[in-house]
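Per my numbering, residue 327 is the first one in the sequence shown, and the count goes up by one each step.
Virtual Cβ for every residue (Gly too), placed ideally from N, Cα, C.
None of the values given here were measured: they were computed from a predicted structure.
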Amino acid sequence: MRQAQQDLKQLIEAEAKRLLAADGDIELDSLGGHASYRLYHRVRRGDRSLMLMELRGDPLASEEASGGERPRELPFLTVQRYLSAGGLPVPEVYAYLEAQGLLLLEDLGDQTFEDIVAPLDDSARRAHYERAIDLLLRFQRHSLTARDALCHSRRFTEALLRWELDHFVEWMLEVQRGGELDERERRIVEQHFDTIARELAALPPLLAHRDYQSRNLMLQVTDEGSRLCLIDFQDALLAPPTYDMVALLRDSYVHLGVPLVDTLIGYYLERGGAELMGELGVDPDDYRRLFWLQTVQRKLKDAGRFVFIERVKNNDSFLVHIPRTLRTIVEAFEHIPHLLELRDVLGAHVEELAR
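In structure tokens, the structure reads:
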């Protein structure tokens with residue numbers, strides 16, 4: 327084992343010296359990997375650097391449930407190539423050492439979108455979010471003009487959306503809170519969950535990043551200026567057309583006030599979102615209602631997922647985001663009056679959701 331680790335270190339150093347045209351020794355700084363099975367390291371040599379992605383487990387498998395066949399190529403590479411071909415800002419791939427499960431990537435820096443907007447109040451956040459929405463519109467427009475075999479073969483089905491909703495009952499309500507739905511409550515929850523999943527799955531799909539939120543946007547600063555860049559895009563798939571906007575504006579890590587959310591939805595529609603919805607066959611006037619319905623689905627899933635990550639992956643760092651996530655669910659329920667019965671049942675077991 328020790329010899330294998332030494333051989334791997336020598337291989338990384340050799341690749342870094344080949345790619346980094348600078349003087350000095352190779353330095354390796356480990357950066358962790360949040361909730362994923364991927365680990366990240368910054369490789370430095372003098373004033374140059376690159377990112378090393380270390381793949382753990384099965385590199386071809388998605389960490390999120392998804393439809394479609396098993397990919398033949400590493401999904402990160404396939405999606406990166408597709409987005410790059412459309413002129414979208416993604417990290418350049420320098421090398422893929424398949425046998426060792428290592429990717430050498432362009433270093434985009436340390437500043438995430440979360441770092442930028444979290445310290446600000448909503449009035450100062452607006453311009454930053456408009457910039458992120460502009461990038462999302464570019465992403466969505468590209469997905470309509472160019473298709474990718476992998477991205478467009480995976481889709482949020484009704485069953486997948488329903489499974490994500492069940493995540494909340496299983497992990498949040500039952501495991502963390504120790505609750506148990508009685509027969510009447512379970513019937514109500516299942517009926518509403520079925521209806522939510524059915525309506526969202528019936529919408530014309532649009533390619534989604536799947537996790538277009540503040541930790542997956544990087545601000546890259548260069549001599550020419552700065553740009554927002556996409557990362558963690560390997561799970562891109564066809565989804566309800568509101569999915570990525572909900573991920574961005576109803577982020578579990580940065581809570582935006584409802585007035586700003588409404589303003590930014592208007593910005594999205596005015597900047598091209600309404601036209602996109604029209605092309606898809608979605609009524610732009612119904613977009614806000616669909617946005618809040620998607621919020622209920624996405625954030626119930628997120629709350630359950632954070633508990634899952636703690637219990638299954640032994641990572642409790644996401645539990646701190648549960649109160650903010652539950653608050654977001656309450657705000658969504660307030661925009662969808664016909665879900666008050668569902669809210670009352672869930673609120674009987676998760677008090678933060680109670681009226």
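Beta-carbon proximity check, residue i vs residue j, cutoff 8 Å
i	j	result
L491	K627	yes
V676	R503	yes
I655	F617	no
G630	F482	no
L606	A562	no
Y420	L376	yes
R488	D520	yes
6 Å CB neighbourhood of residue i in its chain, flanking five on each side removed
i	result
M327	Caution applies to M327, whose pLDDT of 46 falls short of 50 and renders its modelled position unreliable; the value that the coordinates give is listed next. Closer than 6 Å at Cβ, skipping near neighbours: no residue.
A330	Bear in mind that a pLDDT of 48 at A330, under 50, signals an unreliable position, so the model cannot answer this.
L461	L554
F559	V405 and H535
8 Å CB neighbourhood of residue i in its chain, flanking five on each side removed
i	result
Y422	L400, L403, L428, L429 and L430
P415	L461, Q546, R553, L554, C555 and L556
V633	W497, M498, V501, Q502, L645 and I648
T651	S578, K625, D628, A629 and F632
H581	R650, R653 and T654
D611	none
V671	L507, E511, I514 and V515
V608	L529, P530, P567 and L616
Spatially closest choice to residue i from the options, by CA coordinates
i	options	result
D355	D436, A523 and F617	D436
K625	E484, R653 and V608	R653
I514	L337, G673, E353 and E339	G673
E660	N640, V671, R681 and S643	R681
L668	D549, D588, L507 and E550	L507
I352	E550, D447 and V369	V369
R597	R480, Y455 and D642	Y455
R689	G505, N641 and E657	Summary: the structure shown does not reach residue 689, with the chain confined to residues 327 through 681, and so no result is reported for it.
L434	H367, V638 and P663	H367
I522	L486, V638 and K639	L486
L378	I662, E509 and E339	E339
M544	E341, A342, T438 and K639	T438
Expected contact under 8 Å - CB spacing of residue i and residue j to nearest Å
i	j	result
I459	Y594	5 Å
P417	E440	About 18 Å separates the two Cβ atoms, so there is no contact after all.
Q406	L337	Between L337 and Q406 the Cβ distance is about 22 Å, and since that is not below 8 Å, they are no contact.
R451	L586	7 Å
G583	D448	5 Å
7 Å Cβ shell around residue i - same chain, five flanking residues per side excluded
i	result
V572	F617, Q620, T621 and R624
Y408	D474 and C477
L665	H518, V622 and F659
R524	E484
Are three or more beta carbon pairs between the segment 563–581 and the segment 525–542 nearer than 8 Å? yes
Give a yes or no on contact between the segment 466–481 and the segment 598–607, applying the rule of three or more CB pairs nearer than 8 Å. yes
Exercise. Taking three-plus beta-carbon pairs below 8 Å as touching, is the segment 553–570 in contact with the segment 517–533?
Worked result: yes
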